[in-house]
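Going down the list, the protein sequences come from chains A and B.
Taking my numbering, the leading residue of the first sequence gets 332, the next gets one more, and so forth.
Taking my numbering, the leading residue of the second sequence gets 377, the next gets one more, and so forth.
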Amino acid sequence: MPKHTFVLNGERVTVKVANDERVLWVLRDLLGVTGPKYGCGINVCKACTSHINGKAFNPCSVRIGDIAPDDEITTIEGLPDTVGRDLHPMQEAWIDRDVPQCGYCQPGQIMAAVALVRKVQREGGTITEADLDSIRNICRCGTYTRIREAIVQGARKM
Amino acid sequence: MTETAASTTDSGGDAERARPSLDRRRFVGYVLGGSTLITAASMLSPTAAAALDLEVPSLPQIPELIDLEDLQTLAAAPTAGLIAVRIDEQGEAHFALPRAEVGQGIVTSTTMILAEELDLPMDKIHVTLAPARPELLFNQLTGGSNTTVSTFEAVRVAGALARMRLLSAAAQVLDVTVDELRTLVGTVVDAAGNILTFGELSSLASSEVVERVEVVLSPPETFRVIGTGRRRTDAREAVTGTKQFAMDLDVPNALPTMVCRPPTHMGKPVRLRNKAEILRMRGVTHVAIIETGVAVRCKTFGQCIDAIRKMDVEWDLGDLKDESDDSILERLRRAEIPMVVPEVPVGARQIDLEFEFMFRSSAALEPYAAIADVRENSAEIWAGLKAPILAQTNIARELGMLPNRVTVNVVTSGGSFGHKLFGDHAIEAARASQAMGVPVRLMWHRADEPRQGRLHPMCTSRVRATMLRDEVLTFEQRHTSVVTDFSHGFGEAITSALDELPTELGRRLGGLVFSELIFTLTQELPYNLGLVTQLLSETDQRFSTGSMRNIYSPDVCVAAELTLDEIARQIGQDPLELRLRLIRDARVRRTVEAVAKRGDWGKRMPAGTAQGIALHKEYKGNTAVLVEIDCRPATVKRKIRDAVTGPRVTKAVIGVDAGLVVNPMGLEAQMQGGFMDGMALTLTSSCHLRDGAFLEASWDNYYYTRQWNVPPEMEVVIMDPGVDIPGGAGEAAVGSSAAAVACAYARATGRVPTRFPINHGEITFKPKTFIPPVPPSPTNGLKFTY
Ligand code: FES
Ligand code: FES
């Protein structure tokens, strides 16, 4: 079985697993990193959203064989470290707006929000209604309104 | 907090507003034997009993006398299970809630109630979910938005009694009277500045024997925690990814397990033709045929998906294989109870409307999932369950064991919406573990959920109203539905409570079958509409159905409120004015007036856009919703990949009177979430049945509300109810939201829609395969990074 090495939440890890295993299951089932959630397995619900080299991606739809040794994967567990704090400003905004209901979608929502804000900021803009409309993450508890408010609030501190 | 003086206040000057007298605040609590202080109270609520002691006015609809909340509260009563608060040596409080947290915020609201009564900070109070406790029987069932209603007083009494005992213990130590002491965030202090912590006092306050103590609860005016907005106690875990759901638990050797399911709804497996080949696949450890399909256990879920896609299974397609939406609709029409042709004066006008509501999936984002470790003569289960005792009984029967050999651990679940009232996932995991002889971590694939999971049944609602000039003389509604499965314990709990009812009501309710009973208990039109009848009939038991959030109400409410708008149109009256003229309940009127004002009802709107208003009364409270919708072509036709766009609700104002509110911040969240559900029911979300199979298989074809559907403007107005009993909140906004959106849509387009959701007629996606039943895992994820 091939060995795969990559950087996970700041630490280099190596796993023995077939090339075509999807990254989500490497994280959850083999490495015990359970922040990214399963909600569809086909890149639709976005519950598994994490970052690769700082950009949002969905590990349910990426083979481990397509990950290079120096690729940096960040899950919700590693998000605060990217800013050297206990909580990322987006997580603080989430708590302040009391966003979560069941909480199942929220790791993915926050990872998507952080990437979206970074993208908008890279492009020199600020979050608009259209940006918020473009978010694909499902929340079956319907916390969408507070998610929108929290993103605007969290973006100001990013 | 406790107090001794009687007090009755009237803060609103409203005739309806009456604070209960001291007698209604006097309760019995217990100090239980233990080394530290343990206080307890019974869930048998004197208030609930008092509320049943009613005079019967003329011609009321049944929910005005007694509704589902009362029956559930009463159903919880006979077992009189005690719920207990323990104060440990650190002075922290512990309480195991006999209910399931599925996202609705009951852990937070229970913590708030205890913080109020104990005078202890919320982070020193640990509310956990109780495992299955058979002695609590139906007390341990979360449904019908009943939790706060039926536990409120018991939790208050246990908390208040603990505080009372800590004060008396301190009085002994300090040799003063209790009057000279007060509590201050987890301590007791006297005038001289002596401080004793709850931790120091706990064992002194404890008892060796059970003592029965009278407790007087303080009136709501003195609340300092209850009624203030508090954030969820588990928010930090949720946003850091440390909140654990069933699939996140570390149970040794419980390996990923999935089930290859039949191509038709409720089909059955006959045999696996290539078992040897599957067993040779990478990572596969076990394969077993169970009742619902072929289960496979592997090292990863990815391997389970691959194995399922390779399985060659012979299926029994079941009784539904020739059925489709139209054939089921046809059956429903045949089962409709005829209208009674009313005797109306010459010149009376008659309005006849007929609405159809399609199958909907009640699946949460967390799919059905459970861990099971079944041994020779015992079993342990971990799952999100709303009726754990029933699951325990069913699993034991399934495994051929005594219930006391089965331990059921309740895990917080990722949403329920009625889906987790049943133990389907726990039973299935137990079967798989038994068949394989090893522990399993069983999860449904997303594709399984809309196709095989619990559904909200398809139904029709016919309404006939007669009018003479401006007056409505009769209003008849005939609701005909595919059978709703109530076999999860809710039914038994409620029907057994019927025996406890005062005889007149018992007679009126006793003859109904359970689903009719639920219908009768939940449906109430808060309008003067002359002679009103609302009847339910059901047909067809072949589907896997359940009581999706708000059960019958959304559909019934949509049909009734659209009919009200139609009456208004025909008599040339404004929809709001018609409602205000006909509303017969002062609390409902206040809510409607509040949203009409906040939402600026009647403002000028461009062509193709409109406002809509609707209301719903249930759960000892009411909601009113005002929306603005944009149905102009540019909006309706906006393009988003793999999505339905359609009309956009641009603004929503939701008014809610939920009785006494424990946590307004949580209530607002429930209203917002309920709105997203209601809007989806009207505009976008349904399952299409074709040749015995549901076409939908994931969120890219089951169109639950997404960000591009969400109203950019949304406001929740919480009413001061003028009563001191909490109502239910978990579901209250769904019906009125669905109806307000439907009414707005009809006014914007000039056409009254008759089939819901309105987009059901057009299938805009390519159905995923049925064999294999799960789609392949994509490999191109890195193309979509941002
Ligand atoms: S599980 Fe990855 S997008 Fe749904
Ligand atoms: S909080 Fe439950 S799915 Fe989003």
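Cβ atoms here follow ideal geometry from the backbone N, Cα and C, with glycine treated the same way.
Predicted model, so just to flag it, every value in this text is computed and none were measured.
Using 8 Å as the threshold, is the C-beta distance between B/Leu560 and B/Thr415 below it?
Not in contact: B/Leu560 and B/Thr415 (Cβ atoms no closer than 8 Å).
Give me the Cα-Cα distance between B/Arg1008 and B/Arg1014, rounded to the nearest whole angstrom.
If you take the alpha carbons of B/Arg1008 and B/Arg1014, they lie about 10 Å apart.
Please list the segments of the alpha helix (DSSP H) lying wholly inside the segment 943-1010 of chain B, counting only runs of 4 or more residues, in order along the chain.
Entirely contained in the segment 943-1010 of chain B, the alpha helix (DSSP H) runs reaching 4 residues are, in chain order, 951-958, 962-974.
Going by DSSP, what residue range makes up the alpha helix (DSSP H) through B/Asn770?
Taken as a continuous stretch (DSSP letters only), the alpha helix (DSSP H) holding B/Asn770 covers 764-775.
Since B/Trp691 meets chain A, which of its residues come closer than 9 Å, beta carbon to beta carbon?
Chain A residues near B/Trp691: none, gap ~23 Å exceeds 9 Å.
Is it true that the CB of A/Asn389 sits closer than 8 Å to the CB of B/Gly1157?
Contact flag set, yes.
For B/Met1055, which of B/Val564, B/Ile1030, B/Arg773 has the nearest alpha-carbon?
With distances taken between Cα atoms, B/Met1055 lies closest to B/Ile1030.
Step through the CB atoms of chain A and report whether any lies within less than 8 Å of the CB of B/Asn629.
Output row for B/Asn629: interface = no.
Label B/Pro497 either buried or exposed according to how many other C-beta atoms from any shown protein chain fall within 10 Å of its C-beta, with 16 as the threshold for buried.
Looking at its Cβ environment, which holds fewer than 16 other Cβ atoms inside 10 Å, B/Pro497 is exposed.
Check the Cβ of B/Tyr1162 against every Cβ in chain A and list those closer than 8 Å, keeping chain order.
Result: Lys386, Ala387, Ala446, Leu447, Lys450.
Looking at the structure shown, is B/Phe599 part of a helix, part of a strand, or coil, going by DSSP?
In this structure, B/Phe599 counts as coil in the three-state DSSP scheme.
Indicate, with yes or no, if ligand 2 has a heavy atom lying under 7 Å from the CB of A/Cys470.
Yes - ligand 2 has a heavy atom lying nearer than 7 Å to the Cβ of A/Cys470.
DSSP three-state label for B/Ala873, please.
Note that B/Ala873 has pLDDT 49, beneath the 50 cutoff, so the model's placement of it is unreliable and no number is given.
Out of B/Ser737, B/Ala1122, B/Ile463, B/Ile684, state which residue places its alpha-carbon closest to the alpha-carbon of B/Pro1075.
For the record, residue 1075 of chain B in the displayed sequence is Trp; it is not Pro. Residue B/Ser737 is the option with its Cα nearest to B/Trp1075.
Could you spell out the range, first to last residue, of the beta strand (DSSP E) harbouring B/Trp758?
That run of the beta strand (DSSP E) goes 755-759.
Determine the chain B residues that contact A/Val346 at a beta-carbon separation under 8 Å, and present them in chain order.
None at all; the shortest Cβ gap to chain B is about 11 Å.
Let me see if you follow: with CB-CB separation under 8 Å, is A/Val414 close to chain D or not?
This model lacks chain D altogether; the protein chains it does include are A and B.
Show which residues of chain B have a CB atom less than 7 Å away from the CB atom of A/Ile407.
Those are Thr616, Gly617, listed as they occur along chain B.
Once the 5 residues before and after A/Lys334 are set aside, which same chain residues still bring their CB inside 6 Å of it?
Contacts found: Thr345, Lys347.
Is the beta carbon of B/Asp566 closer than 8 Å to that of B/Leu550?
Yes. Within cutoff.
Determine which residues share a DSSP beta bridge with B/Met834 and list them.
According to DSSP, which records beta bridges pairwise, B/Met834 is partnered with nothing at all.
Strictly under 8 Å for the Cβ-Cβ distance: is A/Glu460 near chain B by that measure?
Judged by the 8 Å Cβ criterion, A/Glu460 is in contact with chain B.
A/Met332: buried (16+ other C-beta within 10 angstroms of its C-beta) or exposed?
Under this definition A/Met332 is an exposed residue.
Going by the C-beta, is A/Pro431 closer than 7 Å to any heavy atom of ligand 2?
Indeed, a heavy atom of ligand 2 lies less than 7 Å from the Cβ.
Excluding the 5 residues preceding and the 5 following A/Gln484 in the sequence, name in chain order all residues of the same chain whose CB lies nearer than 8 Å to its CB.
Hits under 8 Å: Ala424, Asp427, Arg428.
For B/Asn629, count neighbouring C-beta atoms within 10 Å of its own C-beta (all shown protein chains included) and say buried if the count is 16 or more, exposed if not.
By the neighbour-count rule (16 or more Cβ atoms within 10 Å), B/Asn629 is not buried but exposed.
How would the residue list near ligand 1 read, in chain order, if you kept each one whose beta-carbon is closer than 6 Å to any heavy atom?
Going by the Cβ distance cut-off, the answer is A/Tyr369, A/Gly370, A/Cys371, A/Gly372, A/Asn374, A/Val375, A/Cys376, A/Lys377, A/Ala378, A/Cys379, A/Asn389, A/Cys391.
Going by DSSP in three states, B/Pro743 sits in which element: helix, strand or coil?
If DSSP states are grouped into helix, strand and coil, B/Pro743 belongs with coil.
Between the C-alpha atoms of B/Thr1161 and A/Ser381, what's the straight-line distance to the nearest angstrom?
Between B/Thr1161 and A/Ser381, the C-alpha separation is close to 10 Å.
For B/Ser703, count neighbouring Cβ atoms within 10 angstroms of its own Cβ and tell me buried if that reaches 16, exposed if not.
The residue is exposed, with fewer than 16 neighbouring Cβ atoms inside 10 Å.
Compare the C-alpha of A/Cys472 against each of B/Gly1035, B/Tyr1080, B/Gly975 and name the closest.
With distances taken between Cα atoms, A/Cys472 lies closest to B/Tyr1080.
Three-state secondary structure (DSSP) at B/Lys1159?
Looking at B/Lys1159 - three-state DSSP - the assignment turns out to be helix.
Below 8 Å on C-beta distance, what does A/Val483 contact in chain B?
Per Cβ cutoff of 8 Å: no residues; A/Val483 is ~12 Å from chain B at best.
Quick check on B/Ala962: buried or exposed, where buried means 16 or more other Cβ atoms within 10 Å of its Cβ?
B/Ala962 comes out exposed.
Is the Cβ of A/Ile469 closer than 8 Å to any Cβ of chain B?
True, the Cβ-Cβ gap to chain B drops below 8 Å.
Hey, would you say the C-beta of A/Leu463 is under 7 Å away from at least one heavy atom of ligand 2?
Answer for A/Leu463: no, Cβ out of range of ligand 2.
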